[in-house]
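Just below is one structure, and these are the notes that go with it.
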Amino acid sequence: MQRDLTQIPIVKATLRSRWPQLIIRVIALAGFVFAIVAGLIGTPVGNHNFSIVFVWIAWWALLMLFAVPFLGRGWCSICPIPMPGEWLQNGAVLGPQKKGLSLGHKWPKRFRNIWLQNIAFTLVALFSATILTQPSITGIVLLIFLVLAIATSLIFERRAFCRYLCPVGGFIGLYSQLAPVEVRVKDAEVCAAHIEKSCYIGSADGYGCPWLVYPGTLTKNTYCGTCLECLRTCTQDNVAFNLRSFGADLQQPAGRRLDEAFKAFIMLGAAMIYSAVMLGQWGALKSAAYSVGSLPWLEYAVAFVAFIFGVLPGLFLIAVAVGRRLSQSKETLKKTFVAFAYTLVPLGLAAWIAFSIAFVFSNISYLWPTLSDPMGQGWNLLGTANVSWTPYLTSMAPLLQTLVLLGGLAWASVTARRIAAEKLSGRRVMLQALPVTAFCFVITVGLMGLLIA
Amino acid sequence: MKAEWFARLVVILLGIGLPLLAIFARSDAGVIEVHGKVAENGGWTPESFNAVVGQPIHLRLTSDDVVHSFAIGQSDTAPIDVMPGQMADATLVFDKPGKYTFYCTRWCGVNHWRMRGTIEVSGSSTEVVTPTTPLYVALKLSIDDPHPAEVVPVSRPSAAQAGAPGVKVDLPAEVYRTQSPVEVWKQLRAASFSNGLSDMQVWNLVAWVWRSNTTPESIASGKRLYSQNCAACHGETGQGNGVMAASLKKAVPSGNMSGMPGHDTAAPVNFTDARNMLGASSAILQGKIIRGGMGTGMPYWGPIFTDAQVWSLVDYLWTFQFEEGDKP
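Structural data, given as structure tokens:
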């Protein structure tokens, strides 16, 4: 099932025009800069500071409950973080005009993967208890992102920060495989015959793919930032913006990688640990996570890293090995491990949605007073400064979480069977997939215990 | 090219300039922004500021952590709640020069009482202020010395039960403040008029003396102050079992000053303990309240309470020893 939205003239014109995207990015940039300012000079009380309420509650809710599941890398297409760096790099805001300031180096070959993003996310996750609650720390972290993005743009070509460093971009890319939208070429033969490759090189109409992707061979959303430059630069009118079925990319065997597999473990493990730390009833665990730099925090950090890089992949490896033995698969263990790790993509997204439901609905009412008084200065700009905290949908949240988690489990199980069926047939498909499905079941039960019970 | 310049303008003005305006919108000349944090994290910031007699100062109060309250000692200004992430505005005008203490009235933590700051008020006043010497200083009392009662009543003395028919207690009024109940009991016991009275009846007479020197208004005022400022450690019932008591250290022997003054803590005093209380005079209690309990964690209330408030608090403390009731 596929429908090319660029067949609708007004949609095509809107997507090709730079102004709608620019206006949204400018609004996002204003919010981002204000989040830094509010974090650094506003009230240190998290639930009254724009930086905490808008970044970690409002933006996170928008990202995990809507943007990632439905638009994939939609957020990346309007993300303000690379904007100042891109301006310097390109010498223009709107479109190709003249040469910018960047040295234009190529990104080092050995780092052309998402391991740095995996490490960056893990680092942020280790300090998240303080980042998510202390406005000044949030302000500093956002500022670091901005400075890194600018520096990377000035040294390297294109959006190296987004592609290789951004801790958020890594997991958005992984989960964007599930989204019901994609940018793809209409006819690969047309691309093959096209000599200029303006989509990758760039032209007067737009930049060569900022994400270092050649659209002609694009089969997955993972590294396509949906910036729509290829739609502008393609001289053959061969780029489509498709509506498609959910999770279509999971059925693409090509391009499965160990760094992406580990991203799936990191995300799933982090969702479980966050659920225990932030929503659980274990005071000692919570205080260990919050007391950054102390011995209990070090123990927490070691346990965190060991769980996401050791325990979870280790148990999964056992499940995969058992399935491989039962099904008498001839595929190497490493390849099988990497392939089946993609079953954790829907499971992980479900875990994050369920986790987000828990805290977003209970905290989103902080938005109203913060809109009127974003820095805790006693302002009442919109007359909502005194709206008191009210949790929403508390009675519905457990049901929603259960449905989401069970949906994730079902999706993961189907994915496991499909991956097994790529190399095997008959009863062997079930034998290969069964232990992985059992692993997913245990994780789901664990998440239900942490989030709902 | 025009579009590019326009786009740049939009980015600079809306994307960067507008949010940076918040830095300037935030400053408010002439207003002192006061932040409250639990004492362990710094208490009040700033912890001191200046004012001039008759000239209003404007404060914007906010808490950086939990709920606090801002009050000024020895003043009838109502406390102002200081909420996390919210601003409370206050305008203060002082009519007398001096050094005023501002403090937190919310039990924000075990070191709540350390949340104090000072306002130095300069200028002159038409009102002549005569400093008074606290009674415990005038009497040169050593308030840290142990003062156990040699004798105690078998039950709680009652003013209402006092006075056998025809008995007339004739003691100077100042004994209530300068002498301990035990000292007064001994005087009454030695007096000839009490020959026919039991020890307990004499204790009831002592209760009567104490009750005769207070008023219901003073006791009510003392009770209110006690609930607001003392009960968290000493307990509502005076037994030294308030909610904060558990976080204070176990009792140290009297006079033990091994820790740094003001940094050591001890279990709160039990006001229902007759052996400890009946050997103390009202002046000693006044001294303890004004100066605080050195090395025990007991705050000093001298800069906070007025003279009348201290005495009303003392009046209320005696109700833990002597039953209330109508005067005989």
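Line by line, the protein sequences give chains A and B. Its first residue numbered 1, the first sequence is counted upward by one per residue in this note's numbering. Its first residue numbered 1, the second sequence is counted upward by one per residue in this note's numbering. Beta carbons: idealized from backbone N, C-alpha and C, even for Gly.
Measure the C-alpha to C-alpha separation of residue i and residue j and round it to an integer number of angstroms.
i               : j               : result
T118 of chain B : S48 of chain B  : 5 angstroms
I16 of chain B  : G39 of chain A  : 16 angstroms
R110 of chain A : K335 of chain A : 21 angstroms
V314 of chain B : T178 of chain B : 12 angstroms
A231 of chain B : S294 of chain A : 35 angstroms
V184 of chain B : F193 of chain B : 14 angstroms
S155 of chain B : F322 of chain B : 10 angstroms
T122 of chain A : N380 of chain A : 38 angstroms
D95 of chain B  : Q55 of chain B  : 9 angstroms
S254 of chain B : A160 of chain B : Because S254 of chain B carries a pLDDT of 42, less than 50, the predicted location of this residue cannot be relied on, and no value is offered for it.
F34 of chain A  : L20 of chain B  : 7 angstroms
V77 of chain A  : L243 of chain A : Going by the sequence as given, residue 77 of chain A is Ser instead of Val. Each residue's alpha carbon lies about 17 angstroms from the other.
T444 of chain A : F337 of chain A : 20 angstroms
G279 of chain B : S180 of chain B : 5 angstroms
S203 of chain A : P84 of chain A  : 21 angstroms
L349 of chain A : N221 of chain A : 15 angstroms
I353 of chain A : V404 of chain A : 7 angstroms
I219 of chain B : I80 of chain B  : 25 angstroms
C191 of chain A : V213 of chain A : 13 angstroms
A251 of chain B : G287 of chain B : Residue placement at A251 of chain B is poorly supported in this model, since its pLDDT is 45, which falls under 50; the coordinates still yield a value, given next. Cα to Cα, A251 of chain B sits roughly 20 angstroms from G287 of chain B.
G259 of chain B : V110 of chain B : Bear in mind that a pLDDT of 44 at G259 of chain B, under 50, signals an unreliable position, so the model cannot answer this.
Taking DSSP as the reference, what is the three-state secondary structure of residue i?
i               : result
T233 of chain A : helix
A71 of chain B  : strand
G283 of chain A : helix
G446 of chain A : helix
V404 of chain A : helix
D81 of chain B  : strand
N50 of chain B  : strand
E331 of chain A : coil
C104 of chain B : strand
R256 of chain A : coil
M257 of chain B : At M257 of chain B the pLDDT is 37, less than 50, meaning the model places this residue with poor confidence and gives no usable figure here.
D249 of chain A : helix
G378 of chain A : coil
M294 of chain B : coil
H234 of chain B : helix
E323 of chain B : strand
Report the residue from the options whose alpha carbon sits nearest the alpha carbon of residue i.
i               : options                        : result
L154 of chain A : A:V213, A:T138, A:G104         : A:G104
P369 of chain A : A:H48, A:V311, A:H194          : A:H48
T132 of chain B : B:A159, B:A308, B:N276         : B:A308
C209 of chain A : A:G169, A:M83, A:E157          : A:E157
L285 of chain B : B:I304, B:S312, B:A266, B:P303 : B:S312
I131 of chain A : A:I57, A:F262, A:P180, A:R232  : A:I57
P108 of chain A : A:F161, A:I144, A:E331         : A:F161
E236 of chain B : B:V151, B:R116, B:L317, B:T62  : B:L317
V68 of chain A  : A:W87, A:T226, A:G323          : A:T226
G222 of chain B : B:R106, B:T319, B:F70          : B:T319
What is the residue span of the alpha helix (DSSP H) that residue i lies within?
i               : result
E189 of chain A : 188-193
H48 of chain A  : Here H48 of chain A belongs to no alpha helix (DSSP H), and DSSP marks it neither H nor E.
A240 of chain A : Careful: A240 of chain A lies outside any alpha helix (DSSP H), inside the beta strand (DSSP E) at 239-244.
V184 of chain B : 181-190
D307 of chain B : 307-318
Q89 of chain A  : 83-90
D199 of chain B : 199-212
R177 of chain B : 175-178
Q117 of chain A : 115-126
Q161 of chain B : That residue, Q161 of chain B, is in no alpha helix (DSSP H); it is neither H nor E in DSSP.
G383 of chain B : This structure does not reach residue 383 of chain B, given that chain B is present from 1 up to 328, and the question cannot be answered.
Among all the DSSP beta bridges, which residues are the ones paired with residue i?
i               : result
S218 of chain B : Note: S218 of chain B sits in no beta bridge, so no partner.
I57 of chain B  : B:L92
K99 of chain B  : B:E120
S63 of chain B  : B:G36, B:P84
W44 of chain B  : B:G36
S203 of chain A : A:G206
Is residue i near the ligand FMN, judged by its Cβ being under 7 angstroms from some heavy atom?
i               : result
R275 of chain B : Ligands are entirely absent from the displayed structure, and the ligand FMN is therefore not among its contents.
State the start and end residues of the unbroken beta strand (DSSP E) segment that holds residue i.
i               : result
V34 of chain B  : 31-36
I119 of chain B : 116-122
V185 of chain A : 181-185
Q2 of chain A   : 2-4
Residues of chain E with CB closer than 9 angstroms to the CB of residue i, please, in chain order.
i              : result
V11 of chain B : No chain E appears in the structure shown, which is made up of the protein chains A and B.
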